[in-house]
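A short worksheet on the structure shown next.
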Amino acid sequence: MPKAEEGVVGLIGCTPLVKLRKVAGGAPIFVKLEYMNPTGSHKDRVALYMIREAERRGLLEPGDLVVEASSGNTALSVAWLASQLGYRALIVVEEGVSPAKVALIRTLGAEVVFAPKVPWGHPDHAVKLAERLAAERGGVFLNQFENEANVKAHYETTGPEICRELGDSISAFVMGIGTGGTIAGVAKFLRERGVRARIVGVVPRGSPIATGQQTLGEPIEGLSTSLCVRNLHQVLEPCGRGGGGWLQGGLRDHAEAGEGGGSARRSLDRSKYRGRGQGGGSPWRRGSW
1 MPKAEEGVVG LIGCTPLVKL RKVAGGAPIF VKLEYMNPTG SHKDRVALYM
51 IREAERRGLL EPGDLVVEAS SGNTALSVAW LASQLGYRAL IVVEEGVSPA
101 KVALIRTLGA EVVFAPKVPW GHPDHAVKLA ERLAAERGGV FLNQFENEAN
151 VKAHYETTGP EICRELGDSI SAFVMGIGTG GTIAGVAKFL RERGVRARIV
201 GVVPRGSPIA TGQQTLGEPI EGLSTSLCVR NLHQVLEPCG RGGGGWLQGG
251 LRDHAEAGEG GGSARRSLDR SKYRGRGQGG GSPWRRGSW
């Protein structure tokens with residue numbers, strides 16, 4: 001279908017790649033402006049891929065319920081896309097999420113259910129609650145944390161978009177790790193293409209992704225602190241919040257690697273700051289994939 005016929009949904013992806021000219025000190029660092037997706041983040045790509053894959057597998061019909069556990073950008077993306085594509089949405093968020101973000105999710109048409117802030121393996125964790133609600137209400141649980149469409153979205157879109165503009169002369173790809181979908185998908189594409197870029201993941205200090213055990217550290221909204229993923233090459237210490245931390249991580253990586261080549265990183269998602277009031281597999285079946 002031509003993009004024009006897809007309406008606003010057709011605006012997902014193909015975001016600009018911009019070279020930093022002042023803050024990078026001469027280093028060829030590029031940022032991909034994912035905030036230019038319709039709801040303001042790269043999660044629009046993921047939500048679209050997960051919903052389309054559910055449709056392809058015959059799990060969704062018009063008016064059906066899609067369920068997701070998210071207190072971040074995925075919540076906004078799923079809520080918006082569900083309304084655009086003719087589905088109902090239920091989003092499970094952790095208690096303590098800013099009222100502004102909850103109001104925005106509801107404005108986009110989704111029902112919001114609150115879950116207690118408990119460890120990942122707890123039966124009342126947001127993911128477990130979302131799975132139960134999907135089963136009880138006959139909905140489809142998208143489950144961004146285990147859904148292969150999460151990685152596929154970036155393998156088929158984000159990675160190719162970066163290489164179309166930069167070619168194969170990429171020295172590093174720097175990305176904050178939330179679900180791990182972006183860094184895994186882009187890294188897989190770069191490796192299969194033969195690009196010898198250094199893959200750098202950024203997480204909060206104390207994240208079990210880096211330490212193997214949970215320790216106290218500074219939280220960075222949208223980055224994982226309680227879930228280890230396997231798609232990891234290297235982890236940097238946090239350099240700041242959100243996009244600022246990822247930028248400094250890219251600068252540090254470039255300094256360590258020396259001159260030559262370009263460094264690409266995914267840019268700041270505006271909704272991550274909007275929500276705080278400042279400038280987060282299979283099996284495929286109904287109820288649980």
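Taking UniProt numbering, I'd label the letters of the sequence shown as residues 1 to 289. All C-beta atoms, glycine included, are put in the ideal place defined by N, C-alpha and C. The structure displayed is predicted, hence computed values, not measured ones.
Fill in: Start-to-end residues for the beta strand (DSSP E) that takes in Phe173
If you look at Phe173, you'll find it in the beta strand (DSSP E) that goes Ile170 to Gly176.
Item to complete: Answer yes or no: do Asp124 and Ser77 have a C-beta to C-beta separation smaller than 8 Å?
Response: Between Asp124 and Ser77, the gap from beta carbon to beta carbon reaches 8 Å or more.
Item to complete: Compare the C-alpha of Leu133 against each of Leu104, Val93, Gln84 and Phe189 and name the closest.
Response: Residue Val93 holds the alpha-carbon nearest to the alpha-carbon of Leu133 among Leu104, Val93, Gln84 and Phe189.
Worksheet item: Is the beta carbon of Ala115 sitting closer than 8 Å to the one on Leu104?
Response: Cβ atoms of Ala115 and Leu104: not closer than 8 Å.
Worksheet item: Using the C-alpha atoms, what's the distance from Gln144 back to Asn150?
Response: So the two alpha carbons sit approximately 6 Å from each other.
Discussion item. For a test of the three-state rule: what should DSSP assign to Lys152, helix, strand or coil?
Written reply: In the structure shown, Lys152 falls within a helical segment according to DSSP collapsed to helix, strand and coil.
Practice prompt. Please go through the same chain and pick out, in chain order, the residues whose beta-carbon is closer than 7 Å to the beta-carbon of residue 297, but skip the five residues on each side of it.
Written response: Any question about residue 297 goes unanswered here, given that the chain covers just 1 to 289.
Worksheet item: In the structure shown, what three-state DSSP assignment does Lys101 receive?
Response: In the structure shown, the three-state DSSP call for Lys101 is helix.
Fill in: Buried versus exposed call for Thr107 [16 or more other C-beta atoms within 10 Å across all chains shown]
The C-beta of Thr107 has fewer than 16 other C-beta atoms within 10 Å across all chains shown, which makes the residue exposed.
Discussion item. Let's see if you can read the secondary structure: which residues bound the alpha helix (DSSP H) around Val203?
Written reply: Run containing Val203: none; DSSP gives neither H nor E here.
Fill in: Validate contact between the region 183-197 and the region 149-166 using beta carbons, cut 8 Å, 3 pairs
With a cut-off of 8 Å, the region 149-166 and the region 183-197 count as touching, because enough Cβ pairs lie within range.
Worksheet item: Do the region 13-23 and the region 159-166 touch if we need at least three Cβ pairs shorter than 8 Å?
Response: Touching, yes, given that three or more Cβ pairs across the two stretches are closer than 8 Å.
Discussion item. Determine whether the beta carbon atoms of Leu65 and Gly181 lie at a separation below 8 Å.
Written reply: No, these two residues do not count as a Cβ contact at 8 Å.
Discussion item. Taking DSSP's pairing of strands, which residues face Phe141 in a bridge?
Written reply: Bridge partners of Phe141: Val67.
Fill in: Which residues DSSP lists as bridging Leu17, in chain order
BP columns for Leu17 point to Lys32.
Worksheet item: Around the Cβ of Pro204, are there at least 16 other Cβ atoms within 10 angstroms (buried) or fewer (exposed)?
Response: Answer is buried; the Cβ neighbour count reaches 16.
Worksheet entry | Buried/exposed call for residue 323, threshold 16 Cβ in 10 Å | With the chain represented from 1 up to 289, any question about residue 323 goes unanswered, as that position is not in the structure.
Practice prompt. Return the residue from the list Ile29, Asp168, Ser71 and Asn37 that minimises the CA-CA distance to Arg193.
Written response: Ranking Ile29, Asp168, Ser71 and Asn37 by CA distance to the CA of Arg193 puts Asp168 first.
Item to complete: With Val92 as the anchor, note down where its beta strand (DSSP E) starts and where it stops.
Response: Membership of Val92 in the beta strand (DSSP E) is indicated by the continuous run Arg88 to Glu94.
Practice prompt. Please state whether DSSP places Val9 in a helix, a strand or coil.
Written response: DSSP places Val9 in helix when its eight states are reduced to three.
Fill in: C-beta atoms of Ala69 and Ala89 nearer than 8 Å
No; because the gap between Cβ atoms is not below 8 Å, this pair is not in contact.
Worksheet item: Going by DSSP, what residues sit across from residue 315 in a beta bridge?
Response: In the structure as shown, the chain starts at 1 and stops at 289, and residue 315 therefore has no counterpart that could be examined.
Worksheet item: In this structure, does DSSP put Val23 in helix, strand or coil?
Response: DSSP places Val23 in coil when its eight states are reduced to three.
Item to complete: Assign Val67 to buried or exposed, taking buried as 16 or more other Cβ atoms, counted over all protein chains shown, within 10 Å of its Cβ.
Response: Buried, by the Cβ-count rule.
Worksheet item: Which residues bound the alpha helix (DSSP H) around Val78?
Response: From DSSP, the alpha helix (DSSP H) with Val78 extends over Asn73 to Leu85.
Discussion item. What does the alpha-carbon distance come out to for the pair Phe141 and Ser41?
Written reply: Roughly 21 Å between the two C-alpha positions.
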